[in-house]
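All residue numbers for the sequence shown refer to the numbering used here, where the first residue is 1 and numbers rise by one.
Think of the CB as a built atom: it goes at the ideal place given N, C-alpha and C, for glycine as much as any other residue.
Just so you know, these numbers come straight off a predicted model, no measurement behind them.
Reading through the structure tokens given below for one structure.
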Amino acid sequence: MVVAGIDMALWDALGKLADQPVAALLGGEPVPLRAYDSCGMVDPVADEAALRESVASGFTGIKIKTGQADPADEVAAVGQVRDIIGPDVELMIDYNQSLDPPEACRRIRRLTAADPGLGISWNEDAVARYEV
């Protein structure tokens, strides 16, 4: 991780020295990307103001960490977040590598079946990293 930080800093310095974006130095061209706000585990009641502030600030996507012990609580919390941010904001969830493959499938199916209106656009890091 330290080497990656140094590598990024050196590329940034080279870009500043050449007065070019790093993408151009690497043979590409800069393109605008949509930003999303990334939250930790969200308590929809306690964090409602922060979620609303993210949307008011212009974020068109919100990613929350999830994985409550009780899958029913998870469905309820994700549904409450969807209600807070509205239907036009992209909603992403992140399990933070907390599930095995069968449980990840069960959880994702449950969220999808619970209310198609939840509109989850992606599920990130559902499955724990396995060493081979």
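(message) Can you tell me whether S54 is buried or exposed? The criterion is at least 16 other CB atoms within 10 Å of its CB, across all chains shown.
(response) buried
(request) With DSSP collapsed to three states, give me the class of L51. (result) helix
(request) Quick one: measure Cβ to Cβ for G28 and R82, integer angstroms, because I've assumed they're closer than 8 angstroms. (result) Actually they are not in contact, since the Cβ atoms of G28 and R82 sit about 35 angstroms apart, beyond 8 angstroms.
(message) Against chain B, with Cβ distances strictly below 9 angstroms, would S38 count as a contact?
(response) Going by chain labels, chain B is absent from the structure shown, which holds only one protein chain.
(message) Could you check whether the stretch 70-86 touches the stretch 35-52, counting it as contact only if at least three pairs of C-beta atoms, one from each stretch, sit closer than 8 angstroms?
(response) Look at the beta carbons and you see the stretch 70-86 touching the stretch 35-52: at least three pairs across the two are nearer than 8 angstroms.
(request) Can you give me the start and stop residues for the alpha helix (DSSP H) that D162 sits inside? (result) No answer is possible for residue 162: it lies beyond the span of the chain, which begins at 1 and ends at 132.
(request) Under 6 angstroms Cβ to Cβ from Q80, same chain only, skipping five residues before and after it: list those, please. (result) Closer than 6 angstroms at the Cβ level, and outside the excluded window around Q80, lie P44.
(message) Mapping the DSSP letters down to three states, classify G61 as helix, strand or coil.
(response) strand
(request) Taking I141 as the reference, give the member of V22, A77 and P102 with the closest Cα. (result) Residue 141 lies beyond the residue range present for the chain, which begins at 1 and ends at 132; the question has no answer from this structure.
(request) Mark D12 as exposed unless 16 or more other C-beta atoms lie within 10 angstroms of its C-beta, in which case mark it buried. (result) The residue in question, D12, is exposed, as its Cβ has fewer than 16 Cβ neighbours within 10 Å.
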